[in-house]
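In what follows, a structure is listed as structure tokens, so that the remarks can point back to it.
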């Protein structure tokens with residue numbers, strides 16, 4: 744998919760003429776999204792079905808990868824990584840040493856794709872995160888995400 748990406752104050756993500764809302768079903772996503780198999784998981788003592796749908800987007804300035812997480816068929820989170828921000832490092836050591844720099848670059852990328860002050864976002868939570876393997880990403884947890892507040 745080639746086009747534009749905008750994140751709205753209400754948590755919707757606009758991809759050209761298509762909008763991803765907290766109410767969207769995995770079956771309603773466009774053909775360039777690829778769904779994984781549904782997997783049962785135990786989360787805080789509750790058994791849930793988890794399924795992801797992924798897409799690569801080509802924008803004029805970058806190529807973000809979107810990963811949508813559905814729990815029991817409800818969209819709970821969207822994770823965004825940006826190829827250009829991750830692939831600019833010469834080797835793994837450089838990549839890991841500069842995770843703080845990557846976090847700053849991701850924050851700037853996020854701010855270019857929102858039209859509001861990030862502190863005003865009340866439709867869940869949105870920010871830049873980093874996992875245990877130093878992978879930096881943008882996360883948007885919808886109000887459907889019960890685990891994001893625990």
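Residue numbers (the numbering used here): 744 to 893.
Here a beta-carbon is modelled for each residue, glycine too, at the ideal position from N, C-alpha and C.
Keep in mind that this is a model prediction, so the values were computed, not measured.
- The beta carbon of residue 884 sits closer than 6 Å to those of 820, 867, 868, 891, all from its chain and outside the five residues before and after it, given in chain order.
- In the DSSP annotation of this structure, residue 843 is not part of any beta strand (DSSP E); the continuous alpha helix (DSSP H) holding it starts and ends at 842-855.
- With distances taken between CA atoms, residue 759 lies nearest to 856 out of 856, 878, 860.
- DSSP places residue 828 in the helix class (H, G or I) of the three-state scheme.
- Pairing residue 870 with residue 876, the inter-Cα distance amounts to about 18 Å.
- Between residue 864 and residue 848, the alpha-carbon positions lie close to 20 Å from each other.
- Minimum Cα-Cα distance from residue 882 among the listed residues 826, 822, 838, 802 corresponds to 822.
- The shortest C-alpha to C-alpha distance from residue 815 to any of 780, 794, 761 is the one to 794.
- Counted as a single uninterrupted DSSP element, the beta strand (DSSP E) harbouring residue 797 occupies residues 789-799.
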